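The structure under discussion appears below in the form of C-alpha cells.
Residue numbers (UniProt numbering), protein chains in the order written: chain A, 1 to 118; chain B, 1 to 118.
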C-alpha cells in the first residue's frame with residue numbers, strides 16, 4: 001500500500017513488552033516496532049546483525065565484551081551478527097528494530113515471539 | 001566502536017542536500033543520514049529496496065504509479081526495488097536512509113554522490 005507508516009501510531013496499537021510487530025519489509029528484512037521493559041535475556045543471532053533505533057525512552061544493550069551501549073531517542077546501534085547481547089530497559093523503551101526475516105527475537109525458535117504483521 | 005550513533009548529531013556535521021553520509025553498516029547495507037531540499041530527479045534502484053525514515057521536516061515521494069507518499073517525522077516508507085520514484089522536499093527534510101551497500105543514490109554510478117562514512 002502506498003502510504004506512510006507512522007511508527008508512533010503502530011506502537012499505540014499494543015502494550016506487551018518484547019513482542020515485536022512487523023510494520024514493513026525491506027530487502028529480506030522485517031522492519032519492526034517493539035516496546036521493551038525490564039531485562040531481556042542474553043542471546044545471539046547467528047544469521048543477522050541486529051538494528052536498534054530508540055524512538056522514545058532509553059535502552060541499554062550489554063555486549064559480550066563487557067561494554068554497555070546506552071541509547072536515547074534518535075540514537076541507533078547495530079549489534080553485529082554473532083555477538084551475544086542483552087537489551088535492558090529500566091524504564092520503557094519504544095524502538096524500531098530491523099532483523100533478517102525469520103530471525104527469532106530470542107535467539108531460538110522455541111522461545112521466540114511469534115511474527116505479527118500490523 | 002561500541003557507542004550509540006546519534007542521528008541528529010551526525011546530521012549537524014554537514015549541510016549539503018542530496019549527499020548522504022553513512023553512519024553505520026547493517027547486513028550488507030549502508031545506514032545513512034541525509035538532508036533533502038527541493039526536487040530530486042526520477043530514478044530507480046534495480047538492486048535494492050529504498051528505505052526512508054523522516055527525522056525532521058517532511059518528504060514527498062512520487063511513485064511511478066502516479067501516487068505520492070507524504071512523510072513527516074517518525075514516518076517511514078520503503079520504495080520497492082525496481083520502482084521509479086522521485087523524492088521531493090519543498091522544505092528541508094532530514095532523513096535516515098538504508099540501501100544495499102554500493103547502491104548509487106541517483107540510480108546511476110556516473111551521477112551518484114560519493115560514499116562518505118562519518
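Ideal placement from N, C-alpha and C gives every residue a C-beta, glycine not left out. Because the structure is a prediction, the values reported are computed rather than measured.
8 Å Cβ cut-off: residues of chain E touching residue i
i                     : result
residue 36 of chain B : This model lacks chain E altogether, as its protein chains are A and B.
Residue i to residue j span [Cα, whole Å]
i                      : j                      : result
residue 55 of chain A  : residue 38 of chain B  : 27 Å
residue 13 of chain B  : residue 25 of chain A  : 30 Å
residue 112 of chain B : residue 17 of chain B  : 13 Å
residue 47 of chain B  : residue 102 of chain B : 10 Å
residue 4 of chain B   : residue 77 of chain A  : 5 Å
residue 6 of chain B   : residue 93 of chain B  : 17 Å
residue 97 of chain B  : residue 68 of chain A  : 26 Å
residue 19 of chain A  : residue 58 of chain B  : 30 Å
Limits of the alpha helix (DSSP H) - the one that residue i falls within
i                      : result
residue 112 of chain B : Segment: none, residue 112 of chain B is in no alpha helix (DSSP H) and carries neither H nor E.
residue 9 of chain A   : 7 to 11
Closest Cα partner of residue i within the set the options
i                      : options                     : result
residue 43 of chain B  : B:102, B:87, B:114 and B:91 : B:87
residue 117 of chain B : B:3, B:28 and B:33          : B:33
residue 99 of chain B  : B:75, B:90, B:21 and B:36   : B:21
residue 64 of chain A  : A:74, A:45 and A:71         : A:45
Proximal chain A residues relative to residue i, where beta-carbon distance stays under 9 Å
i                     : result
residue 78 of chain B : 5, 24, 25, 26, 27 and 31
Residue range of the unbroken beta strand (DSSP E) whose run includes residue i
i                     : result
residue 56 of chain A : 50 to 56
residue 22 of chain A : 21 to 26
residue 38 of chain A : 29 to 39
residue 86 of chain B : 85 to 100
residue 81 of chain B : Segment: none, residue 81 of chain B is in no beta strand (DSSP E) and carries neither H nor E.
Residue i CB to nearest heavy atom of the ligand PLP below 8 Å
i                     : result
residue 34 of chain A : For the ligand PLP, the structure offers nothing, since it holds no ligand at all.
Per-residue contacts from residue i into chain B (C-beta, under 7 Å)
i                     : result
residue 14 of chain A : Going along chain B, no residue has its Cβ under 7 Å from residue 14 of chain A, so there is no contact; the nearest lies around 17 Å.
Within chain B, partners of residue i - CB distance below 9 Å
i                     : result
residue 74 of chain A : 6, 7, 8, 9 and 55
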